[in-house]
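Report on one structure; see the data block that follows.
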Amino acid sequence: MDVPRIDDFEDMFENAPCGYITLLPNGRIKRVNKTLLSWTGRTAEQMTGQRFSDFLNMAGRIYFETHIAPLLRMQGFFNEFAIDVVTAAGEPLQMIANALEGRNADGKALFTRLALIKATDRRRYEHELLTARDVAKTNLESEREASELREQFIAVLGHDLRNPLASISAGARILGREAKSDKEHQVIAMLETTVLRMAGLIDNVLDFARGRLGGGLTLDRDTRKPLEPVLHQVIDELRLSSPGRQIQAEYAIDVPVNCDRSRIGQLVSNLVGNALSHGASNEPVRVRAATEDGLFKLSVANGGEPIPEAVMGKLFEPFFRGEVRASRQGLGLGLHIAAQIAKAHEGTLAVSSTSEETRFTFLMPLR
Amino acid sequence: MGVIERNNVHVQGTSERSMIFAHGFGCDQNMWRFVEPAFADNFKTVLFDHVGAGGSDLKAYNREKYSTLAGYADDIVEIGRELGLTDTVFVGHSVSSMIGALAAQKAPGMIGKLVMVGPSPRYIDDGDYVGGFSETQIEELLQFLESNHMGWSTQMAPAIMGNPDRPELGEELTNSFCRTDPEIAKAFARVTFKSDNRADLDKVDVPTLIIQCTDDIIASKAVGEFVHRAIPKSEIVILEATGHCPNLSAPDEVIAAMRPFV
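Protein chains in written order, with the numbering used here: chain A, 12 to 378; chain B, 3 to 264.
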């Protein structure tokens, strides 16, 4: 065996760690190096004089004619193209190639040089990436469809639940007019409280579904009507439904608030409802609504155990439910919806919690 | 956005007679860079990119519209109307030969003569008809195109689209003549190689020149002759040039074949 020499350029061409092919301007092969011959299992006689594209699979041929050949003429080179060379055994050999056109002074093509590197592993890897991308795309689409259906279902369900609830509420009112004994009054009051709570839950479910359906919460802002009576009404309803609990409310609303009043009412209802469920039952829930420093500020505070550090970050996520006795167990949407309402008003909803008190504060700019 | 921007249309000269060049599958209007100058003295020349190629407006790419060659032919008609072209010479390479044939039928009077470079009315074999490819091979091509994205990346799209005129291309715009969104490239390959326009050929009633290369694996000589037989007022010139892009590899031969015809 000949011992290879470092400065033997003929050997460097023939036994390079890549395949070399030289093409004539008509696309026919002038010369192939030994490396490529051994990779393809072909002889120099078989390849010389043939079209380079004869040794490609059909896809490669089309690609060569429609992309590589024109680009070589236009920019004189083409790097990093993937191509499959067909071996003598008929097997595709995945390669990455660079090509360079040799030209005379007038820009006329004299020859094309191709350097080819085996890229079986790389091409397989790329193929797997492409496949994975396609699978992910398909999964995403079906996931999206499923979740859309689910949300539509929730929306329809919410609507259908409201109707029977309205009948119960109307029935309780009629009975209330004719109730005589204390017992009857108690039962009817309980009925009405439950209806109220149920209606609140349904509102939250609907809002949640709506928010997720892409429309987001829509606001019906109105500065002309006062906000305070709405807050009074909401808090009165909550007092009624929580006998034995104290709700202290303080109002300092001096200027009109450009907001959706029923949404702010819902926000207060959700925050106070939350405070009643989680706060210490022997301490009052303190509500304060005020306009100051160019902001509308609304805070709801309660005493009791502070909120554990670990769950602080999750409070406003949908379906988050803290420890609470079963009878007050909700869907875990109240705070989420409240935060959405705050956001829709370009405001913020923040929470602080210490052993003295837990306080939710809604701030929105007055404009 | 108007059709001029949408199709990256470039008009040269003020001659009364006009000539419009349409590129085929693969690259863009740069395919005509060696042929168009030869006619610029006597013709108003029009170059453009099909939507989805070159410097066209990729946002105008509509999957449904461009799922047939008729969608591309509609664009030709729109460009022709915008520029007020009548009795123009339409020069189409590869698949654009058929697009030109369809456009000529859509807007009578707009196209006066057709030049078809390497035409094929159908690439897939069908009974006695030899298009040169099997259905499977075309499917393989569509797969294969994914392996060659030509350096396309979403990050780079704005740079490519932001330079519709592309005066002098930097190194990073390498391959830009032939590069586009891989999804669009695939869709254009599909509509190109799966089209069947054999029945449209005998409806071509304008004088037609077929320029056929020797040794073209995309559109063989037999296919060129089929087109010649099917189009009533057609003539065929067989070039010595090989390959599928004589407009780049042998422009002088293409120009010489076109001159007496136009």
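Ideal placement from N, C-alpha and C gives every residue a C-beta, glycine not left out. Keep in mind the model is a prediction, meaning the values are calculated, not measured.
Item: Partners in chain A for Gln-31 (chain B), counting only beta-carbon separations shorter than 8 Å; Value: Within chain A, no residue comes near Gln-31 (chain B); the closest Cβ sits about 11 Å away, beyond 8 Å.
Item: Glu-174 (chain B) classed as buried or exposed, judged by whether at least 16 other C-beta atoms fall within 10 angstroms; Value: Because Glu-174 (chain B) carries a pLDDT of 46, less than 50, the predicted location of this residue cannot be relied on, and the following value inherits that uncertainty. By the neighbour-count rule (16 or more Cβ atoms within 10 Å), Glu-174 (chain B) is not buried but exposed.
Item: Contact set between Gly-87 (chain A) and chain B, taken where Cβ atoms lie within less than 9 Å; Value: In chain order: nothing, as chain B lies at least about 11 Å away.
Item: Identity of the residues DSSP links to Gln-259 (chain A) by a beta bridge; Value: A:Arg-297
Item: Contact set for Ala-258 (chain B): own chain, Cβ-Cβ below 7 Å, skip 5 residues either direction; Value: none
Item: Candidates B:Asp-30, B:Leu-116 and B:Ile-78: closest to Asp-207 (chain B) by CA position; Value: B:Leu-116
Item: Neighbour flag for Gln-139 (chain B) against chain A, beta carbons, 7 Å; Value: yes
Item: Three-state secondary structure assigned by DSSP to Asp-218 (chain B); Value: coil
Item: Contact list for Gly-28 (chain B) against chain A, beta-carbon separation under 7 Å; Value: Thr-77, His-78 and Pro-81
Item: Chain A residues whose Cβ lies nearer than 7 Å to that of Phe-135 (chain B); Value: Met-69
Item: Gly-172 (chain B) (DSSP reduced to helix, strand or coil); Value: Low local confidence applies: a pLDDT of 44 at Gly-172 (chain B) is under 50, so the model's placement there is unreliable, with the coordinate-based value given in what follows. Three-state result, Gly-172 (chain B): coil.
Item: Interface flag, Asn-10 (chain B) vs chain A, CB-CB below 7 Å; Value: no
Item: Outcome for His-356 (chain A) when other beta-carbon atoms lying within 10 angstroms are tallied against a minimum of 16; Value: buried
Item: Within chain B, the residues that Glu-384 (chain A) reaches when beta carbons sit closer than 8 Å; Value: The requested residue 384 (chain A) is not part of the displayed model; chain A covers only 12 to 378.
Item: Straight-line Cα distance separating Phe-219 (chain A) from Asp-198 (chain B); Value: 52 Å
Item: Within chain B, the residues that Arg-84 (chain A) reaches when beta carbons sit closer than 8 Å; Value: Cys-247, Leu-250 and Ser-251
Item: Assigned secondary structure, Gln-61 (chain A) (DSSP; H/G/I helix, E/B strand, else coil); Value: coil
Item: Outcome for Lys-285 (chain A) when other beta-carbon atoms lying within 10 angstroms are tallied against a minimum of 16; Value: Note that residue 285 (chain A) is Asn in the sequence shown here, rather than Lys. Asn-285 (chain A) should be labelled buried.
Item: Distance between Met-69 (chain A) and Gln-139 (chain B) (C-alpha atoms, nearest Å); Value: 6 Å
Item: Given 8 Å, three or more beta-carbon pairs between the region 19 to 28 of chain B and the region 341 to 354 of chain A; Value: no
Item: Option nearest Pro-81 (chain A) by Cα separation, candidates B:Thr-182, B:Ala-55, B:Ser-251 and B:Gly-57; Value: B:Ser-251
Item: Neighbour-count burial assignment, Ile-101 (chain B), 16 or more Cβ in a 10 Å radius; Value: buried
Item: Beta-carbon proximity list for Met-163 (chain B), same chain, < 8 Å, skipping 5 on both sides; Value: Interpretation of Met-163 (chain B) is limited by its pLDDT of 47, a score under 50 that renders its predicted location unreliable; the figure taken from the coordinates is listed afterwards. Cβ within range, chain order: Gly-57, Asp-59 and Leu-60.
Item: Straight-line gap, Arg-297 (chain A) to Glu-368 (chain A) (C-alpha atoms, nearest Å); Value: 10 Å
Item: Neighbourhood of Gln-14 (chain B) by C-beta, 6 Å cutoff - its chain only, sequence neighbours within 5 removed; Value: Ala-42 and Thr-47
Item: Chain-ordered chain A contacts of Cys-180 (chain B) [CB-CB under 7 Å]; Value: His-78, Pro-81 and Leu-82
Item: Cα-Cα separation, His-52 (chain B) to Tyr-74 (chain B); Value: 7 Å
Item: Helix, strand or coil at Ile-318 (chain A) [DSSP, three-state]; Value: coil
Item: Sub-7 Å separation of Thr-194 (chain B) and Gly-54 (chain B) beta-carbons; Value: no
Item: Residue span of the alpha helix (DSSP H) that contains Phe-228 (chain B), given as start and end; Value: 223 to 232
Item: Per DSSP, the bridge partner or partners of Tyr-131 (chain B); Value: B:Asp-128
Item: C-beta neighbour in chain B for Ile-73 (chain A), strict 7 Å; Value: yes
Item: Euclidean distance between Cα positions of His-263 (chain B) and Ile-238 (chain B); Value: One point to set straight first is that residue 263 (chain B) is Phe, not His, in the sequence displayed. Approximately 11 Å, taken between the alpha carbons.
Item: Candidates B:Pro-123, B:Gly-133 and B:Asp-76: closest to Pro-110 (chain B) by CA position; Value: B:Asp-76
Item: Through-space distance from Gln-145 (chain B) to Pro-28 (chain A), alpha-carbon basis; Value: 29 Å
Item: Sub-7 Å separation of Ala-105 (chain B) and Ile-78 (chain B) beta-carbons; Value: yes
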